[in-house]
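Only one structure is covered here, and it is reproduced in the block below.
Numbering (the working numbering), first residue to last: 27 to 348.
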């Protein structure tokens, strides 16, 4: 995901904290029904006044009158797709262009042909409500045009990084290019003996059983599923599902399962997490054993309950990369 897209991550009231991947933890779920298709905004005169030209997947030509505003978020469809509906929890490949409706200024664009791919999960637990409104219940292959009320985007704070003033409404032109699997789909592999045992629930969520033996003193990695997709660059971004377990207790201390896949740059994570992903292929699932030096070192992480002597076990499903 382009770094500019990270500014579109929403804030929620619960479940924050420090993630063992090295950044802020994935927001906790707040009661969204996975697979639901409700709450898509209705069309209106503001949304239909935005003129959009161009084909799906290419940067659009957009025009509208400065000072465009709404009292409630509106959405219309410029290109009607025939693919599956983007329900809550769906992971999508998208392209988008975003404007400040007040000033008319283009503030962000990403995901079009020739640009790095961009993935968003249809979840208001993860992203700003106005952005999710641009995707919710739309079909893959569609281009939607949304005029989002300020309260559904940057609100009274505005956005210094985007140059959006307090209370400005936002225009979003978004292409739903494809769906992305929510779990690794590669060919099963046989891990070596003595590694933590990984079983999978019907959703793909892992359950890790730690062996009775002493934790290894060095980094170790096994591939559980081998994908055939693009290789992850050591300087790239990845979209993953992950679960972290303490070797000492066998307890999960951090995971994306339950709230949705997460995207980050490999420069934002602890050393062992980067080692586990760089060079692997999309569609793969790996299990990595991180000694303290490859995790949080001797300082540990009090927030996550990690001691300075703790070895960490991560199971990671690699869903996309750019």
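Each residue gets a CB set at the ideal place from its N, CA and C atoms; glycine is no exception.
Same chain only: Cβ atoms within 8 Å of residue i, ignoring 5 sequence neighbours per side
{"i": "residue 118", "result": "112, 145, 146, 147, 148, 161, 166, 202, 203, 204, 205 and 206"}
{"i": "residue 90", "result": "75, 76, 77, 125, 127, 130 and 197"}
{"i": "residue 191", "result": "126, 128, 129 and 184"}
{"i": "residue 175", "result": "96, 97, 98, 99, 156 and 195"}
{"i": "residue 83", "result": "121, 138, 139, 201 and 203"}
Buried versus exposed, by CB contacts within 10 Å (16 or more), residue i
{"i": "residue 293", "result": "exposed"}
{"i": "residue 104", "result": "buried"}
{"i": "residue 269", "result": "buried"}
{"i": "residue 281", "result": "buried"}
{"i": "residue 194", "result": "buried"}
{"i": "residue 264", "result": "buried"}
{"i": "residue 244", "result": "exposed"}
{"i": "residue 86", "result": "buried"}
{"i": "residue 110", "result": "exposed"}
{"i": "residue 348", "result": "buried"}
Nearest neighbour of residue i, chosen from the options [CA to CA]
{"i": "residue 157", "options": "189, 212 and 101", "result": "101"}
{"i": "residue 275", "options": "321, 336 and 290", "result": "336"}
{"i": "residue 325", "options": "109, 334 and 170", "result": "334"}
{"i": "residue 210", "options": "267, 289 and 242", "result": "267"}
Close beta carbons around residue i, own chain, < 6 Å, minus the five adjacent residues each side
{"i": "residue 253", "result": "212, 307, 308, 309 and 310"}
{"i": "residue 246", "result": "315"}
{"i": "residue 92", "result": "130"}
{"i": "residue 300", "result": "292"}
{"i": "residue 231", "result": "283"}
{"i": "residue 72", "result": "94, 96, 100 and 173"}
{"i": "residue 80", "result": "86 and 87"}
{"i": "residue 225", "result": "233"}
Residue i - DSSP class collapsed to helix/strand/coil
{"i": "residue 15", "result": "It is not possible to answer for residue 15, since the shown part of the chain is limited to 27 through 348."}
{"i": "residue 241", "result": "coil"}
{"i": "residue 177", "result": "helix"}
{"i": "residue 311", "result": "strand"}
{"i": "residue 346", "result": "strand"}
{"i": "residue 338", "result": "strand"}
_Residue ranges of each alpha helix (DSSP H) within the stretch 85-168, 4 or longer_ = If one requires a minimum length of 4 residues, the alpha helix (DSSP H) runs lying completely within the stretch 85-168 are 155-159, in chain order.
*Which ranges does the alpha helix (DSSP H) cover as unbroken runs of at least 4 residues, wholly within the stretch 247-283, from first to last along the chain?*
For the stretch 247-283, there is no continuous alpha helix (DSSP H) assignment of 4+ residues that stays within its boundaries.
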